[in-house]
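Residue numbers (the numbering used here), protein chains in the order written: chain A, 124 to 431; chain B, 124 to 431.
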């Protein structure tokens, strides 16, 4: 039976424009392709889980408007359980515009009305105990903290997607999680260390209760477990669209952990899922199937122990 | 009774993000305000006409989708007659993202599917003769040419919003119109002349059948009638959002001409309408009422004859 993951956080209608080059300053820039897709950190991770054969329930918040209905419909059609989504009257749903250039680089302009996340739904320990793992992002921090705490009480993996956010938000979540996967910019916002290995080690010492991992895109992922620092090289691919690559990593990692895999194997599944996603234009829609990820795992270099 | 203007061309759902500064390259940029509004060159001009007390009918094309219904609803609620809009099955409606910075400068990312404008609706001379003027933009050039020709046959003003477009498109429209208002970038795309006065004079000689005007934002408008070159200084305002300022000018000019005003007075109404629009954030929604435009006209410097 497929493992059940609860994903908490971002749900937004993205308009993705494909352009030759990212803009600089005033003017008009003509995209040659456009898609609209409901996604966001937790939503895209949920979709990665579904594509890899897991089951994903999303807790996010939308406004009581056309965009909100479209977000929920789109995610439900993608196979994500959206029955517990919050609908807030009087707040506009989140939307963002993303420009992706011919090198796969992206410019993101996200807009979230703060009213979407003022209140939180009731979370019971029984509800959380019905899942095999929880994965939260930084977007709905108040709810994410409750869910992480409930997951710890229930003894299931409490995983944090540590992306860029105000430091007090990021710290308040990282102190509770028992698995933290930081993006490079978020990791750099918390420490002074410059070398990748030092950065990871410093963060791991700061959050001793957790497995701490930092993803560096094509430079791979570094993680620390106990006193050992590991490096997993990335699968080398031609990047077309790096949007939602981090979310692919987090979703795959969470599913692997829920399935009982060890950290090294979970990081490996995260790595190939993220790399394969980058080869397809269209944000989260490029998530690979499990059979594709398994095949790519055979090409993935082994991880190595860097320290001690 | 209010004058009736037929506006032909762009109809798009704009998402306008207000940002501190326009982006440069990759990353994430956080807007502090967001609005969505149906607009576009002809649509925004139509709204200027309505706000100034005229009557505007819009001929534009949308897809058979949620965005298309939203565009038509939004424009109809704004008081524009949208009963003749075309709906194309299987094509996505046009949408664009606009970033406006704290200086009022803007970056536009428009997306139009070419299928929206493949075919054109039937235009009869009787239909066109029911209007007091027509105003066309460059977006649906095939239809714009038919409408300009019919307006010339009907003896009503045939006005072109000469904005940036492939030169053959722009030229094919400019050759038919009897009033042409070029934006500065479009005017510069057609001539080598550098000084503003030379630019206008050269274009006027190229389109001898038409009143030719070029708008230069805060540097005012230059136009040529017969052998006289005129300059109308702009009203000096603190610009908050220059989006749709050109459209404000075109709509006001068209209404004034339909009302029987001379070119100088029509340019004056266009100038103040554009300037007032720039003082309000939110694209076309900032169009002034006639009473506001009339008041501003009293502050507007007189025009002067530059040549001969």
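Think of the CB as a built atom: it goes at the ideal place given N, C-alpha and C, for glycine as much as any other residue.
Determine whether the Cβ of residue i lies closer than 7 Å to any Cβ atom of chain A.
i, result
"residue 307 of chain B", "no"
"residue 363 of chain B", "no"
"residue 220 of chain B", "yes"
"residue 145 of chain B", "yes"
"residue 284 of chain B", "no"
"residue 289 of chain B", "no"
"residue 225 of chain B", "no"
"residue 228 of chain B", "yes"
"residue 154 of chain B", "yes"
So is residue i in contact with chain B if we call contact Cβ pairs under 7 Å?
i, result
"residue 405 of chain A", "no"
"residue 148 of chain A", "yes"
"residue 157 of chain A", "yes"
"residue 232 of chain A", "yes"
"residue 140 of chain A", "yes"
"residue 151 of chain A", "yes"
"residue 137 of chain A", "no"
"residue 341 of chain A", "no"
"residue 260 of chain A", "no"
"residue 197 of chain A", "no"
If distances are taken between C-alpha atoms only, which option among the options comes closest to residue i?
i, options, result
"residue 369 of chain A", "A:428, A:323, A:125 and A:401", "A:401"
"residue 421 of chain B", "B:386, B:378, B:357 and B:403", "B:357"
"residue 432 of chain A", "A:169, A:161, A:196 and A:203", "In the structure as shown, chain A starts at 124 and stops at 431, and residue 432 of chain A therefore has no counterpart that could be examined."
"residue 222 of chain A", "B:233, B:124, B:418 and B:259", "B:233"
"residue 287 of chain A", "A:415, A:197, A:387 and A:307", "A:307"
"residue 419 of chain A", "A:359, A:407 and A:408", "A:359"
"residue 322 of chain A", "A:214, A:388, A:130 and A:346", "A:346"
"residue 201 of chain B", "B:366, B:157, B:350 and B:176", "B:176"
"residue 158 of chain B", "B:173, B:393, B:142 and B:429", "B:142"
"residue 250 of chain A", "A:213, A:273, A:260 and A:229", "A:273"
"residue 394 of chain A", "A:415, A:252 and A:203", "A:415"
"residue 246 of chain A", "A:225, A:230 and A:270", "A:270"
"residue 398 of chain A", "A:417, A:289 and A:382", "A:417"
"residue 130 of chain A", "A:150, A:268 and A:153", "A:268"
"residue 199 of chain B", "B:213, B:209, B:180 and B:214", "B:180"
"residue 172 of chain B", "B:225, B:149 and B:258", "B:258"
"residue 301 of chain A", "A:317, A:282 and A:291", "A:282"
"residue 312 of chain B", "B:333, B:243 and B:290", "B:290"
"residue 149 of chain B", "A:231, A:428, A:193 and A:384", "A:231"
"residue 431 of chain A", "A:235, A:354, A:252 and A:132", "A:354"
"residue 330 of chain B", "B:207, B:303, B:244 and B:373", "B:303"
"residue 280 of chain B", "B:384, B:244, B:132 and B:408", "B:384"
"residue 206 of chain A", "A:214, A:213 and A:195", "A:195"
Within 10 angstroms of its Cβ, does residue i collect 16 or more other Cβ (buried), or is it exposed?
i, result
"residue 155 of chain A", "exposed"
"residue 328 of chain B", "exposed"
"residue 315 of chain A", "exposed"
"residue 248 of chain B", "exposed"
"residue 412 of chain A", "exposed"
"residue 211 of chain A", "buried"
"residue 426 of chain A", "buried"
"residue 144 of chain B", "exposed"
"residue 147 of chain B", "exposed"
"residue 278 of chain B", "exposed"
"residue 350 of chain B", "exposed"
"residue 153 of chain B", "exposed"
"residue 260 of chain A", "buried"
"residue 428 of chain B", "exposed"
Between which residues of its own chain and residue i is the CB-CB distance below 6 Å, once the five residues before and five after are set aside?
i, result
"residue 362 of chain A", "227 and 401"
"residue 127 of chain A", "178, 254 and 255"
"residue 364 of chain B", "223, 227 and 404"
"residue 309 of chain B", "285, 286 and 287"
"residue 305 of chain A", "285 and 337"
Could you tell me whether the Cβ of residue i comes closer than 7 Å to any Cβ of chain E?
i, result
"residue 265 of chain A", "The question asks about chain E, but that chain is absent: this structure's protein chains are A and B."
Can you list, in chain order, the residues of its chain with a C-beta nearer than 8 Å to that of residue i? Leave out the 5 residues immediately preceding and following it.
i, result
"residue 406 of chain A", "137, 139, 158, 160, 162, 167, 221, 364, 366 and 367"
"residue 514 of chain A", "The shown model of chain A, from 124 to 431, leaves out residue 514 of chain A, and the question about it has no answer."
Beta-carbon within less than 7 Å of residue i's beta-carbon, same chain only, minus the 5 sequence neighbours each way: which residues are those?
i, result
"residue 174 of chain B", "410, 411 and 412"
So does residue i have its beta carbon nearer than 6 Å to some heavy atom of the ligand NAD?
i, result
"residue 377 of chain A", "Among the components of this structure there are no ligands whatsoever, and the ligand NAD is therefore not found."
request  = Report yes or no: do three or more beta-carbon pairs, one from the stretch 291–302 of chain A and one from the stretch 263–271 of chain A, lie closer than 8 Å?
outcome  = yes
query = Counting Cβ pairs, one atom from each stretch, are 3 or more of them under 8 Å apart for the stretch 234–241 of chain A and the stretch 177–193 of chain A?
reply = yes
query = Are three or more beta carbon pairs between the stretch 374–383 of chain B and the stretch 165–173 of chain B nearer than 8 Å?
reply = yes
message = Using a Cβ distance threshold of 8 Å, determine whether the stretch 124–143 of chain B contacts the stretch 333–342 of chain B, with at least three qualifying pairs required.
response = no
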